[in-house]
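Notes follow once the structure below has been shown.
Numbering (my numbering), first residue to last: 2 to 460.
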């Protein structure tokens, strides 16, 4: 029986890893955290993994532990971490442990500033429908999968979403540098995480390093419409196979996207150029794993997307609402454009929240220029208290209006006033797009969208 202890077990990624490892019958799991929120709390409790008390307890760190896994939430002076170091125990970060558990498997790693969650989800969805077992780690819930992390003894393939953010408090490397892929995917590069990559050049360098770490005789699948990726592909080792892809030809019929596979027309449930590009990356990866193009397209046809990624949350006979994780400039622009192109005859109401460190940094705001130009009505929300909490310089509503460069853009710092303004809109023949990595300070987004659209449909 192997004994594993998780420091900061309540994190989104960490609790999923704990659940995955607990599924192995020969593993015993313990953990600690100083605060655990939903849904992590309930999910850990159901499996008997919720710590009895909140806090850090060095006495839990004993010499008989086989490994200690440290989450990003833990600090360098965490008392449990210090005790583990004192005892000379094996200490892993989240990505280090994933690699350790899959080092003998074919690893597919999906990186990029945007689209990596959806692309990873597409690959897993197809493999699952084809009956091909795979270990995995993905950043969102996928239909047909109970957890966001799965590790097994039998699977010969592992599919990971590769994040470029820092590994742990002890390791400043990008997470995806530790996975050493056999098949690497890069979907695009657009500057993000300004707090740890202060220049675009420093950010791009993380992706070049990632490709240097591809296993011998491995493969790189990349979007050839991205000039930075083309530069990186041009510098690859000679033993790495290059597989560029682009936006496939598609047609929109009555709000439904169709794509050709040979002479056969495939009707999709996803839409937008970015999603079509993600689909091509997933198809190439699945091909390298032995899935034919015919089987891929028939499997992917009913894929509706990953949670919070252009997720349809409510629809009436003449209006529709989507929720999306979009918050960085590239994601925001692509999402607004996708909905605009899919519903060209409808009024597009787009509402987004500035919520991340980068998005609330004054020097980064100009990156948002023109990102919401295709919306008929555009709203941006931010909470000044979040800026204080992140210890950033204050920004004004006028700074945001100037940065976005859209004359009719409305900026709010009061969630209640934003909600009231949205309630006053007529949503007849409208597409509503709510975009955030948060919740606009307390809005139940799905319930709110239903309220807005139902009111209009009842007129």
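Every residue, glycine too, gets a C-beta built ideally from N, C-alpha and C.
{"Query": "CB of residue 187 within 7 Å of CB of residue 112, strictly", "Result": "yes"}
{"Query": "Backbone CA spacing between residue 312 and residue 88 [nearest angstrom]", "Result": "47 Å"}
{"Query": "Cβ pair residue 378, residue 350 closer than 7 Å", "Result": "yes"}
{"Query": "Cβ-based neighbour list, residue 126, same chain, cut-off 8 Å, excluding 5 preceding and 5 following", "Result": "143, 144, 145, 300, 301 and 304"}
{"Query": "Stretch pair the stretch 89-96 + the stretch 61-71: three plus CB contacts closer than 8 Å", "Result": "yes"}
{"Query": "Three-way DSSP call (helix, strand, coil) for residue 265 in this model", "Result": "strand"}
{"Query": "Under 7 Å between C-beta atoms of residue 419 and residue 382", "Result": "yes"}
{"Query": "Proximity winner among 316, 211 and 199, relative to residue 256 (alpha-carbon distances)", "Result": "316"}
{"Query": "Expected contact under 8 Å - CB spacing of residue 309 and residue 141 to nearest Å", "Result": "6 Å"}
{"Query": "Between the CA atoms of residue 59 and residue 45 - distance to the nearest angstrom", "Result": "21 Å"}
{"Query": "Enclosing alpha helix (DSSP H) for residue 102 [first to last residue]", "Result": "95-103"}
{"Query": "Contact set for residue 137: own chain, Cβ-Cβ below 6 Å, skip 5 residues either direction", "Result": "125, 151 and 160"}
{"Query": "Residue range of the alpha helix (DSSP H) that includes residue 352", "Result": "That residue, residue 352, is in no alpha helix (DSSP H); its beta strand (DSSP E) goes 348-354."}
{"Query": "Residues that residue 325 bridges to, as DSSP identifies them", "Result": "436"}
{"Query": "Own chain, CB closer than 7 Å to residue 374, minus 5 neighbours either side, in chain order", "Result": "407"}
{"Query": "Extent of the continuous beta strand (DSSP E) run through residue 142", "Result": "Element bounds for residue 142: n/a, residue is neither H nor E."}
{"Query": "For residue 182, three-class secondary structure by DSSP", "Result": "coil"}
{"Query": "Whole-angstrom distance between residue 183 and residue 217, CA atom to CA atom", "Result": "8 Å"}
{"Query": "Span separating the alpha-carbon of residue 195 from that of residue 264", "Result": "46 Å"}
{"Query": "Opposing strand residues paired with residue 426 [DSSP bridges]", "Result": "Its beta-bridge partners do not exist; DSSP assigns none."}
{"Query": "Contact with chain C by residue 342, beta-carbon distance below 7 Å", "Result": "Judged by its chain identifiers, the structure shown contains no chain C, having just a single protein chain."}
{"Query": "Same chain, Cβ closer than 8 Å to residue 447, five either side skipped, listed in chain order", "Result": "314, 315 and 324"}
{"Query": "Residues bridged to residue 1 [DSSP beta-bridge criterion]", "Result": "With the chain covering 2 to 460 only, the question about residue 1 has no answer from this structure."}
{"Query": "Assigned secondary structure, residue 173 (DSSP; H/G/I helix, E/B strand, else coil)", "Result": "strand"}
{"Query": "Residue closest to residue 197, alpha-carbon to alpha-carbon, out of 213, 222 and 170", "Result": "170"}
{"Query": "Collapsed DSSP secondary structure at residue 136 in the structure displayed", "Result": "strand"}
{"Query": "Proximity to residue 119 [Cα-Cα], best of 36, 211, 283 and 429", "Result": "283"}
{"Query": "8 Å CB neighbourhood of residue 339 in its chain, flanking five on each side removed", "Result": "272, 273, 274, 275, 276 and 311"}
{"Query": "Exposed unless 16 or more other CB atoms sit within 10 angstroms - verdict on residue 330", "Result": "buried"}
{"Query": "Rounded C-alpha distance that separates residue 320 from residue 380", "Result": "18 Å"}
{"Query": "Nearest residue (CA-CA) to residue 385, options 405, 363, 376 and 18", "Result": "363"}
{"Query": "Local conformation of residue 110 per DSSP, three classes", "Result": "strand"}
{"Query": "Spatial neighbours of residue 107 in its chain, beta-carbon cut-off 6 Å, leaving aside the 5 residues before and after", "Result": "158 and 183"}
{"Query": "Presumed contact (8 Å Cβ cut-off) between residue 81 and residue 61, rounded CB distance", "Result": "7 Å"}
{"Query": "Chain-order list of residues whose beta-carbon lies under 8 Å from that of residue 38 (same chain, five-residue window excluded)", "Result": "11"}
{"Query": "Counted within 10 angstroms of its Cβ, other Cβ atoms place residue 240 as buried (16 or more) or exposed", "Result": "exposed"}
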